[in-house]
């Protein structure tokens, strides 16, 4: 079998001004993930690496660059799965963690569970020595703040559907 | 949302998906990304899928597993399964989405019902990428 590494960087009504950043980001993620795939022959290591690259890139709605809640906070979620034995790790309602995907992998490999969320997931992260960024809010970008401002203006104007933004990454109602 | 699907030399498949959700979501809202079968699914017998788009629609349709089921039970390849499933999800729910798939034979599926979805893959010394419908730009590595 010839190894393959395939990535996506999100779907929606992405403004044309963001195309180049998306192109550069997905190519970078594919290259880095593929390098790990060849080096380790581990699909699991490769997909984690590819996602980690995009979690550090503000062109994407994950990790640094995540969109904001109504309370102007970042809440992230992630999942990872192996096809050989269906083991999986899932996390939700994470705050101030640089790589949610790596915490999802820790859930898969170090707990008897599939899915941790909220306070329990954050406690697990601390116990595993995962860095909790301090002060809080370091994953918030200017683009995400502008997108939320635009959303709130539209909401006040009567359009209450989440996700609406012409400067953010996502289309109306799209995550 | 970002996602990755890989198949190694031994045919082992893995999938990862990560997201910040949607702008202006309620605190405590959970989307499709961390839900198995919705945002992520992998089964070496059939393939692996990562999805992105309108989470509430993806959850209702269990999109990732629906794509895998089409490969498993209809015997179709990754592209047809991905395209048919995303189209049907949009028809049924009204929401838009995208998905990337690699089936057990190493075939690739990429489809989105939204206006755009950025994607890229490397196989050998070539990277292909795009963002609009019909895009497929090739670069030698």
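Protein chains in written order, with this note's numbering: chain B, 49 to 223; chain S, 20 to 160. Here a beta-carbon is modelled for each residue, glycine too, at the ideal position from N, C-alpha and C.
Residue range 156-159 is occupied by the beta strand (DSSP E) that includes residue 158 of chain S. The closest CA to that of residue 166 of chain B, considering only B:159, B:152, B:146 and B:139, is found on B:139. A residue is called buried when at least 16 other Cβ atoms come within 10 angstroms of its Cβ; residue 151 of chain B meets this threshold and is buried.
Counting only runs of 3 or more residues that sit fully inside the region 109-158 of chain S, the beta strand (DSSP E) segments are 116-122, 127-131, 135-142 and 145-149, in chain order. Residue range 66-72 is occupied by the beta strand (DSSP E) that includes residue 69 of chain S. Interface flag for residue 85 of chain S against chain B is unset, since no Cβ pair is found closer than 8 angstroms.
Secondary structure of residue 115 of chain B (DSSP, three-state): coil.
Nearest to residue 160 of chain S by alpha-carbon distance, out of B:132, B:187 and B:78, is B:78.
The Cβ of residue 46 of chain S sits closer than 8 angstroms to at least one Cβ of chain B.
For residue 45 of chain S, no beta strand (DSSP E) segment is defined, and its DSSP state is neither H nor E. Runs of the beta strand (DSSP E) lying entirely within the region 154-192 of chain B, each at least 3 residues long, are 163-165 in chain order. For residue 71 of chain S, the CB contacts under 6 angstroms within the same chain, skipping 5 residues up- and downstream, are 20 and 117 in chain order.
Annotation for residue 137 of chain B: the continuous beta strand (DSSP E) segment containing it runs 136-142. Non-local beta-carbon contacts of residue 31 of chain S in its own chain, meaning distances under 7 angstroms to residues more than five positions away in sequence, involve 63 in chain order. Taking one beta carbon from each stretch, the region 95-103 of chain B and the region 169-178 of chain B have fewer than 3 pairs nearer than 8 angstroms; the two do not touch. With respect to residue 129 of chain B, residue 55 of chain S sits close: the two C-beta atoms are nearer than 8 angstroms. For residue 181 of chain B, there are no neighbours in chain S by C-beta distance under 7 angstroms, as the nearest C-beta there is about 14 angstroms away. In terms of Cβ geometry, residue 125 of chain S and residue 98 of chain S do not form a close pair [threshold 8 angstroms]. Within the same chain, and ignoring the five residues on either side of residue 74 of chain B in sequence, the residues whose Cβ sits closer than 6 angstroms to its Cβ are 55 and 57.
Rounded to the nearest whole angstrom, the C-alpha separation of residue 196 of chain B and residue 42 of chain S is 6 angstroms.
Within chain S, the C-beta atoms nearer than 9 angstroms to that of residue 71 of chain B come from 137, 139, 148, 149, 150 and 156, in chain order. At a cut-off of 8 angstroms, the C-beta of residue 112 of chain S has no neighbouring C-beta in chain B.
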